[in-house]
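Residue numbers (my numbering), protein chains in the order written: chain A, 1 to 465; chain B, 1001 to 1943.
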C-alpha cells in the first residue's frame, strides 16, 4: 500500500523563496527596529538623512544615484561609453566619458588602448568568469598615462564619482570586491611549476587565449602605466582566489610603470608574476591580502613604496621565489610600511617564502602590532627551510631596515623571525641590518612620501603626504 | 484514493484464486539452441494423466494435488528431461524452469534426469550457456547468498566487474565511459553530472530478477554499448501468490551510537528522502542582487532569506535499518485460463548512517623543483570528520496481461534518495598559499528516478513470427540543495577570521540537473530454415530522445566591515555568519551580505536523438557451429543551448551529427556433442559518445574540488573495435570453467585532461589512440567430490587487464619536463580508472534440508590510476581494498518461510586509500577513510 501511495507523491517544491516579512520601509509604521517612521535601524535608510543629491544613494525621486528627478544633476548618459567586447584594434578612451566595463574585456594581441589623463573607468559587479576585468593581453599595449592632477581612475559602478572629479563620496577603504581588477600580461620570462613557458592567469578560463602570460622576451613592452588609481576591486574568481588590484604577469622591461595607487582590493594590491619590469612610486591602502606580492622569479626593481594596512590586511610584503628551474631575483628599495597597531590576528610586515630570492633595502616599518594581551606581534618572517637556505647562501639580502618599535618590543631585531627548521643567522643579523627609531620623523630610510600627494588615499585618509 | 481500492480488489481476487486442496507446478521452458524460450513443448506429470503445453512465452502451469512427483519435459527433436523429487504443497506453487537441448542424434530418445535443486541453481548458468553473446549473469539467488543489498555491491561477484566508490560499475576495468547501464534493456539517465554512467548503489536488490553483464555486442544492442552493458532486469510477474516482508539492522562499531557524529538541522521530510522546502532556492535566478553601496535595503532583505545554519553539529549517530515488502500474484480472467492478469508491487526503505573520523581527502603533494630531489613536497593537507546520512526508498508496481498470443507489461519504478553530509575539515596550505583553515561543509543531495515501462510481445500460431516493442520513459533529477561552506582562517594565536583572500568567502550553492529519456524500440523475429537447419532472422529499430538541463545558482557571503576587526571572526562559529544580528544593517553599514557568484556559462540545455535500425541472422553452419551476424545503423544528433563569454551563444545548434554502421559477428563452436564445451569468438564495432556536459561550451567552477570544468564543443565520438575469444566448459549442475581473452582498440578515446598552462582547469579531449587487452578466468565448482562436502561450492574469478593510453601533447611535455634524474618516460600510461587486476573469491555452504546457508566472499582490485598527474603533481593511484565479508543464514518454520541472516562486513578492517606515487619517492596520501566493520542482522518472511 505504501508503495502505491508513495508513487502518487510528488516531491517537487516550488521555487519561490520565503515570503517577505510584513513590515517594510514603506508601510508608514515605525516597526522592525526603525528609529523613525520607515527609516533608521538596521532595515531602512537612515532617518537623519533626508534624501539629498549627494548622499550616494538612489533615493527620493532620483532616477539614478544622486541624479535625475529633483536633483540638479541629470542622469544624462551621453558621457557614458559601455565597453562590452574585446578591444581588437587601436582605441582611445577620452576624459569626457565614463567608461563602463561590463565583464571580462581584453585588449588583444596587436591592439593598443590609449587612455587619456582624467578618464574614469567604472566596472560592473560580477564574479568568476563574469568578473569585470580589463586584461592587456600578450602583444597588446596599454597606454594609460595620467597626471598628478588628472589621474586615470578605475573604480566600481557603485562609486558616485563623476566626470572631472578624482573621488566619489559614497565608498571608503572598506568597500572591497566590487569589481575585478587591471591585469597586464606580457612575454617576459616566468619561472613556473613544472617548467612550462607560459601560464593562464588565475581564474580566467583557458578558452580565453588572452589570459596567457610568460614567454622569452625580457625586453617586452606592454605600454605605459602612469598615475593610475585602482579602487574597490578584487572580485572572486575561485575559492580563496581573487583578482589583484594590478596584476603584472610576465611583464617585460620595455614597460613603464610608475605612480600607481591601489585602494581597498580584496586580494593583493600589486602582484608581480615573474617578468622583469621596473616599477616606482607604488601606493597600496587597506588591501585584503598582501600589499606587494612577488612570485615566479620576478626580477625587476621596485622603488619607493608606501603601504597602509587596513583592518583585514595580511602582509605588507609577501615574497615568493622561482617555481621552476628558471632563477631570478628582485630588488626592492625605499619603502615605508604603516601597520595597524592593535591587530588581534594577522596583519604582518613581511613574509619571505618558497625559495624567495632578492634584496629588500631601506625599509621603514612603523605602527605595527607589538606584544600584549590578545595581540599578535607583526613580524618579518623567513617561512621555511628553502628561504632560510637562500638567506644563508646570500640569495636573500636585507639592508637598512628601521623600525618604530611597537608596544612591548625592545629591539628592532625582535620582529625578525626565522621559522625554518634548519635555522640561519637571520635573527642575529637583524641586529645589524635593522635599527630602532623613535618615530617616523627620525627615520633615515623609507619612501619619499611626497611622491604620493596626488593620491586619493592621501586626501581620504588625511595622510598629510 | 482510487489506487488503494484497486489494490484491495487485487488482494481479494488473488486470495480467492487457488483452491485450498491443490498445488501448482509452473515454470518456463527454454530453448537450448537459441537464447530464447521454447513454445509448445510438452509437460507431463509422470504416472498421472495431468499435463500441459508451454505457451508462446515458454510458460506452463499445472494444478495438482499435493505430493512428490517426477515431471517430464519433451519437444520434438529435443532431448527429454525428467525432473525428480518435485514437492507440491497445498495452496502453493512450485517453480521449475528447464532448458531443453536439441537432440544431436534424432533417432534415439535422450532422457536427462536431474533433481529439483540442481536444476534451480543452474538456471542462470543455462542462460549464459545458451546466449550467443558473451555474457555473465548474476541471479537473485546468488546475490542473496552474498547478502548484498544493492546492485553495486552485488555485481562485484561477476568476473571482470569492478566497482568504484561503491557506486560506479566498470566492466573489465574500463572507465565509466565505456560501461553502459540499462534498465530492462532500455536507456536510463545518469544521476551524476560528472559521470557517463548510472550509479548502481541506489538500486536495491529486492526489485531484481537478475543482472546481466554483456561483454560482446550484437546488432540488437545499442551501439554505445562500448565495453560492456549491465542490464538490470526487474522482477518478472509471478505465476503464484508471492508475499514477503523483510526487516534488518546493521551496526558499525566505529560509526554508530557515536557522540561525535556530525549532522545539521534538516527538514521535516529528510527521513523520506526529500527536502520539504526548507532548502529551497531563496532567490530566483532572475532576481538581480545589488551591492550594499547601491541598494542596502534590498540586499539586506535578500540576505535575510537564507537560513542561518552553516555549522556542522555533533550529535549521536543511529544505526542502519531497513524494511520492505513485496506482493505479487496472477489470476485468470476467463474460464479457459489463457487470459491471465498478474501484478507485482514492492517497496523498500533503507536508512544508513556513516561517520568517518579523521578522514583525509584532497591533499596535494608536489615534485621538487630540483630534479635531483625525489621526495615529494607537501602543499596541502586536509583532514576532518564527516557524517553521512542516506535515505533511500523505492517502489515498484507492475501489471501484466497475457493472452494466448500476446503479452503486455506495464511497470512503474520510483527511486528516491536523500543524502545529507556534514563535515568539519582542517586544511593547511604550505606552498601555493600558506595558511591554516577550518571549514564547515554541509551538503544535501536529492536524487530521484521515475521510470515507466510499457511493453508488448506478440506471436503467431506457430510462433514463427514474433514482435516485441518497448517504450520506457524516465525522468531523473539530481539536485544539490543548499550546499554550504563556511571557511575560517585559523590565526597563529588560535583565533578565527573570515579571510576571503586566503580561505574564500562563505558560499552556498544549488545545482539542479534534470534529464528526460524517451527510448522506444521494436524487435521482429522470424524463425526460418537456412542450410536445412533452424535459423532466426531478427530486425528492428529504436529511437531515443534525451534532454538534459543543468542549472547552477551560487551565492557567496562577503562581510562588510568598517574598521577594527568587526564581525570577521564570529569567534569561529559558522552559525553566526548569517545570524540576524550579523546581517548587513543600514544603520551601521556593516555585516554579511549576499552576492551572486553563478555565471552564464554554468548553465546548459542539450538534446540527443538516436535513430537506429538493425538486421541480424542467427544460424547453424553445422550441428556444432552456431553463428550470429548482424549490422546496426545509428544516426546520432546532439543539439546544444548555452552561453559563454568567449565562445558566444549556442541556441539549439546541432553540434554533432553522425551516421555510422556497426557490424558484429559472434561464433560458437561446440567442442563435444553435449555442447558442454564451447569456444566462442566475437567481433563488434561500438562507440562511446561524449556526454552532455563534455560536448558543450560550459565553463563550470566546482567549489567542492576548486577546479574549473571546460566543455569541448569540438569533441568527437570514440570508435572501438572489440575482439573476444572464450573457452567454456559446463560440468554437472553449476560446475563451470571459462577462460577468455579480449582485445580492444580505441580510436580517439575521450579523457578529461588537464591544461598545462592553467592549473585546476580540465577539459575533455580526444586523445591519441588507446589499446586494452586482458584475460579472464572463471571457475565454479561444487565440492561434492570430497565426501561430506556436497553442500559446498567454490567460486573464483580473476581478470588481468593491460591498458595503453597515448599521451596528449601537453601531457607528454609536462611529464618530460618533470622527470627526476634517472627517470625515463614510458611511451604511454594506463587508462584512467582502469584496474589492472580483479579478483573475486567465494566459498558457500547451502543446505536446503536444514535451512543453513553460509558464505565467505573476498574481493580485491589492483592499484588503479585515479587522477592523472599534472606537471609537478604526481599521479594518484587507488590502493587495493581487501574486502572480506561473511554471511550466515538459517531458514526455519514450516516450509522454511522465515529466514534470519547475519552478515559481517570488512572482516579484514581494511581502509580505503589513494596515494601519490612518484619516481623513488615515498608514497603520500591523497585520501584515506576507514569504513569500519559492520554486523548486520535481517529477518524475512514469505507467505
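Even glycine gets a Cβ: it sits at the ideal position worked out from N, Cα and C.
Could you name the residues of the same chain whose beta carbon sits closer than 6 Å to that of residue i, not counting the 5 residues immediately before and after it, in chain order?
| i | result |
| --- | --- |
| residue 1608 of chain B | 1546 and 1638 |
| residue 1921 of chain B | 1374, 1375 and 1376 |
| residue 1350 of chain B | 1322 and 1392 |
| residue 1453 of chain B | 1184, 1411 and 1472 |
| residue 1629 of chain B | 1617 and 1665 |
| residue 1671 of chain B | 1677 |
| residue 1489 of chain B | 1435, 1437, 1497, 1499, 1502 and 1503 |
| residue 1339 of chain B | 1333 and 1403 |
Helix, strand or coil: which one does DSSP assign to residue i?
| i | result |
| --- | --- |
| residue 1857 of chain B | strand |
| residue 61 of chain A | coil |
| residue 340 of chain A | coil |
| residue 195 of chain A | helix |
| residue 1109 of chain B | Confidence at residue 1109 of chain B is low in this model, with a pLDDT of 46, below 50, so the placement of that residue should be treated as unreliable; the coordinate-derived value is given next. Three-state DSSP puts residue 1109 of chain B in coil, outside helix and strand. |
| residue 445 of chain A | coil |
| residue 1215 of chain B | coil |
| residue 1313 of chain B | strand |
| residue 1336 of chain B | coil |
| residue 1399 of chain B | strand |
| residue 1119 of chain B | Annotation note: pLDDT 49 at residue 1119 of chain B (below 50); position unreliable, coordinate value reported separately. Looking at residue 1119 of chain B - three-state DSSP - the assignment turns out to be helix. |
| residue 1467 of chain B | strand |
Under 8 Å by Cβ, that's how I've got residue i and residue j pegged, so tell me the actual separation to the nearest angstrom.
| i | j | result |
| --- | --- | --- |
| residue 132 of chain A | residue 180 of chain A | 5 Å |
| residue 1842 of chain B | residue 1891 of chain B | Going by Cβ atoms, the distance from residue 1842 of chain B to residue 1891 of chain B rounds to 20 Å, so no, they are not a contact pair. |
| residue 1517 of chain B | residue 1187 of chain B | 5 Å |
| residue 1627 of chain B | residue 1636 of chain B | Wrong, their Cβ atoms sit about 28 Å apart, outside the cutoff. |
| residue 1827 of chain B | residue 1698 of chain B | Rounded, the Cβ-Cβ distance is 33 Å, inconsistent with contact. |
| residue 246 of chain A | residue 142 of chain A | Residue 246 of chain A to residue 142 of chain A, Cβ: 11 Å. No contact. |
How about residue i: is its Cβ closer than 6 Å to a heavy atom in the ligand FMN?
| i | result |
| --- | --- |
| residue 153 of chain A | Judged by which ligands are present, the structure shown has none, so any question about the ligand FMN falls away. |
Leaving out five residues before and five after residue i in sequence, what residues of the same chain have Cβ atoms less than 8 Å from its Cβ?
| i | result |
| --- | --- |
| residue 1246 of chain B | 1206, 1322, 1323, 1324, 1325, 1348, 1938, 1939, 1940 and 1941 |
| residue 402 of chain A | 363, 364, 365, 412, 434, 435, 436, 437, 443, 444, 445 and 446 |
| residue 30 of chain A | 36, 37 and 38 |
| residue 1089 of chain B | 1023, 1066 and 1895 |
| residue 1862 of chain B | 1835, 1836, 1837, 1838 and 1880 |
Taking DSSP's pairing of strands, which residues face residue i in a bridge?
| i | result |
| --- | --- |
| residue 1244 of chain B | B:1326 and B:1942 |
| residue 200 of chain A | A:212 |
| residue 1771 of chain B | B:1745 and B:1804 |
| residue 1608 of chain B | B:1546 and B:1638 |
| residue 1393 of chain B | B:1349 and B:1416 |
| residue 2024 of chain B | The requested residue 2024 of chain B does not occur in the structure, where chain B is confined to residues 1001 to 1943. |
Given a cut-off of 7 Å on the beta-carbon distance, is the pair residue i and residue j in contact?
| i | j | result |
| --- | --- | --- |
| residue 367 of chain A | residue 339 of chain A | yes |
| residue 470 of chain A | residue 208 of chain A | No answer is possible for residue 470 of chain A: it lies beyond the span of chain A, which begins at 1 and ends at 465. |
| residue 87 of chain A | residue 119 of chain A | no |
| residue 1544 of chain B | residue 1449 of chain B | no |
| residue 1739 of chain B | residue 1681 of chain B | no |
| residue 1476 of chain B | residue 1409 of chain B | no |
| residue 424 of chain A | residue 417 of chain A | no |
| residue 1039 of chain B | residue 1026 of chain B | no |
| residue 212 of chain A | residue 226 of chain A | no |
| residue 476 of chain A | residue 277 of chain A | Residue 476 of chain A is absent from the structure shown; chain A starts at 1 and stops at 465. |
In chain order, what residues of the same chain have a beta carbon less than 7 Å from the beta carbon of residue i, not counting five sequence neighbours either side?
| i | result |
| --- | --- |
| residue 1830 of chain B | 1803, 1805, 1836 and 1865 |
| residue 1366 of chain B | 1376, 1377, 1379, 1431, 1872 and 1873 |
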